[in-house]
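*Asks:* This is the structure, below, for whatever I ask next.
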Amino acid sequence: MVKIRKFAAYQGLKRPYTRVSKYSKKNFVRGGYPNLKVTRFDMGDPRKEYDTTLKLVVSRSMNIRHNAMEAARMSSNRLLEKNLGSSYHLRLKVYPFHVLRENPIASGAGADRISTGMTLSYGKPVGAAARMRMDQTIFELKLNKVNIKLGKEALERASKKLPCTCRILTE
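Position 2 of the sequence shown, counted from 1, bears residue number 801 in the numbering used here, the numbering being contiguous throughout.
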């Protein structure tokens with residue numbers, strides 16, 4: 800199994816790492832778009848009427864990797880599904896459009912024959928990330944006022960899986 804590179808390499812919001820050319824047909828991210836780990840963006844029952852909305856808000860601008868978002872979604876959804884059935888609506892509000900790339904550099908014996916160094920260093924796609932701005936909502940949870948404590952617990956669990964500190968806002 801290939802090990803994932805530490806996220807500190809991709810965390811900052813620098814300019815998007817895409818290919819821009821003066822010829823429009825060469826403006827693209829070559830190598831294709833990687834498979835997303837995030838499978839669902841809406842959970843629960845979106846058609847019901849709910850009287851309370853909780854939002855998980857990111858405290859600083861950064862990239863958030865798609866497998867971190869999926870882990871957060873799964874942990875909070877599991878708690879809500881187990882206790883509330885389908886009387887809630889959890890929505891992941893962001894989509895990981897930003898392609899993360901890696902230029903693998905070989906090390907060890909004979910690496911100089913395999914590695915190309917910084918020649919053709921554009922990299923291959925290894926994952927995707929959502930570019931988050933400060934105070935942007937990542938999760939939105941709608942439920943009834945009776946279950947507000949459980950909803951806050953679910954969003955707290957989700958925030959522990961994310962690489963930044965988050966706040967929970969009530970509406």
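Virtual Cβ for every residue (Gly too), placed ideally from N, Cα, C.
What are the partner residues of M971, as DSSP defines its beta bridges?
*Replies:* A question about residue 971 goes unanswered here, because the residues of the chain that appear run from 800 up to 970.
*Asks:* M933: buried (16+ other C-beta within 10 angstroms of its C-beta) or exposed?
*Replies:* Its Cβ having fewer than 16 others within 10 Å, M933 is exposed.
*Asks:* Could you compute how far the alpha carbon of S958 sits from the alpha carbon of T838?
*Replies:* When rounded, the distance between both Cα atoms is 19 Å.
*Asks:* Where do the N-terminal and C-terminal ends of the alpha helix (DSSP H) with L949 fall, by residue?
*Replies:* Note, L949: alpha helix (DSSP H), I947 to K960.
*Asks:* Can you tell me whether S875 is buried or exposed? The criterion is at least 16 other CB atoms within 10 Å of its CB, across all chains shown.
*Replies:* S875 should be labelled buried.
*Asks:* With distances taken Cα to Cα, identify the nearest neighbour of I937 among V925, D850, K854 and A807.
*Replies:* That would be K854, whose Cα lies nearest to the Cα of I937.
*Asks:* Sort out for me which residues DSSP pairs L853 with in a bridge.
*Replies:* DSSP output for L853 lists L940 and T969 as bridge partner(s).
*Asks:* With DSSP as the reference, label M933 as helix, strand or coil.
*Replies:* In the structure shown, M933 sits in coil (DSSP, three-state: anything other than H, G, I, E or B).
*Asks:* How about Q929 and P895: are their beta carbons less than 8 Å apart?
*Replies:* The amino acid at residue 929 is misidentified as Gln; the sequence shows Ala. Contact flag set, yes.
*Asks:* Report yes if the CB atom of E901 is closer than 8 Å to the CB atom of G922, and no otherwise.
*Replies:* Yes; because the gap between Cβ atoms is below 8 Å, this pair is in contact.
*Asks:* Rounded to whole angstroms, what's the CA-CA distance from A908 to R956? Just pull it up for me.
*Replies:* Near 44 Å, if we compare the C-alpha coordinates of R956 and A908.
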